[in-house]
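A short worksheet on the structure shown next.
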Amino acid sequence: MSAAAVNAPAADTQSGTRDVVAQAPARAGVRRGLVSAGAKVWPLLAAVGGIVAVWYAVTYLVLSPERRFLLPPLHQVIGTTVGNPNIMGPMLDALGQTVGVALSGLAIAVVLGIGYAVVMVQAGWVEKILYPYAVILQTIPILALTPLIGIWMGYGFSARIVVCVIIALFPMIANTLFGLQSAGPAAHDLFTLNRATRAQRLFKLQFPAALPSIFTGLRNAAGLSVIGAIVGDFFFQQGLPGIGGLLRVYTLRLNMDALFTAIILTALFGVAVFSVFAALDRAVIGRWYGRGAP
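Structure representation (structure tokens):
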């Protein structure tokens, strides 16, 4: 028997061993990924399970059978509405309208908020003049402004966006301003010694220092933009109806199954928007500022 034939099984064994050793880190990485994903998912699942448990407890233990229509059980809500195209069709169309309003209002609020904060950070006296207007806009109840907005701008899509912008604007202004002012005096002195221009100081020092605060404002503004879109839909009925308009109709008709389905869809949309910006936060600056998973 030749030497090559004798050494062939040994070579195959060594090759298989190398393959197993090479696959071990990959398997360990997959396990770590699954454990990390589970650690992030189980609190959400636990929260959803707690909400469902409280829902059923109130339905069957607190409410009498005569008043159970006020909070029908979850399986009844899903069974009555999800498979009914006459309910889910208009509801999904209305949700799409609300999504458009919320995202449009959020985009405008982000641009205006960051721009307003950049103007204020240029000088202390500018901040003293402009910041009170942002505070006043935040403190005026939106329900007091909504009728005026409807009278001035009509009751259609543009008025809903204005309501959304008003609600979502202040978090972007406040958080961006705080972030732009968070760079330390030593860093400013270094830029001064190097004769940096105002634009260089803004884009190379202040904006990088402000990123965590800006993303915090984005997450807050994203949630508020959903609320603003629903408020606008609720009060402004011209044009295509939004989910807020359907909430009003279902409330007036005491259509509780459809009402709770619309509320669930709205909540899921709000969670989705918040989760997108939270994931964007981790992807952009998570490792830099210690927010991301190792």
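Sequence positions in the sequence shown follow this note's numbering and run 143 to 436. Every residue gets a Cβ at the ideal spot worked out from N, C-alpha and C, and that includes glycine.
Inter-residue Cα distance where the pair is residue i and residue j
i	j	result
residue 201	residue 224	20 Å
residue 267	residue 319	14 Å
residue 214	residue 348	52 Å
residue 185	residue 399	27 Å
residue 427	residue 342	21 Å
residue 265	residue 273	12 Å
residue 421	residue 414	10 Å
residue 164	residue 410	Because the pLDDT of residue 164 is 49, which lies under 50, any placement of that residue in the model is unreliable, and the number read from its coordinates should be weighed accordingly. Roughly 42 Å between the two C-alpha positions.
residue 287	residue 277	15 Å
Best match in the options for proximity to residue i [C-alpha to C-alpha]
i	options	result
residue 363	252, 237, 268, 323	252
residue 313	289, 359, 405	359
residue 385	322, 284, 292, 235	235
residue 425	292, 354, 259, 405	354
residue 209	412, 396, 277	396
residue 301	220, 187, 240	240
residue 317	256, 382, 339	256
residue 220	413, 414, 402, 411	402
residue 323	336, 350, 206	350
residue 412	279, 297, 371, 315	371
residue 263	340, 198, 290	340
residue 89	188, 279, 393	In the structure as shown, the chain starts at 143 and stops at 436, and residue 89 therefore has no counterpart that could be examined.
residue 285	231, 187, 369, 331	369
Integer Cβ distance of residue i from residue j, believed to fall under 8 Å
i	j	result
residue 374	residue 306	6 Å
residue 419	residue 357	7 Å
residue 194	residue 212	That pair is no contact at about 17 Å.
residue 376	residue 292	Not really, about 12 Å apart at Cβ, beyond 8 Å.
Proximal residues to residue i (C-beta, below 6 Å), its chain only, five neighbours per side dropped
i	result
residue 367	244, 247, 248, 306, 310
residue 423	357
Continuous alpha helix (DSSP H) stretch holding residue i: start and end
i	result
residue 367	349-377
residue 282	First-last for residue 282: undefined, no H or E at that position.
residue 258	227-262
residue 210	Segment: none, residue 210 is in no alpha helix (DSSP H) and carries neither H nor E.
residue 324	No alpha helix (DSSP H) contains residue 324, which DSSP labels as neither H nor E.
Same chain, Cβ closer than 8 Å to residue i, neighbours up to 5 away in sequence not counted
i	result
residue 303	243, 246, 247, 250, 374
residue 380	296, 297, 298
Contacting residues, own chain, Cβ-Cβ under 7 Å from residue i (five flanking each side not counted)
i	result
residue 346	none
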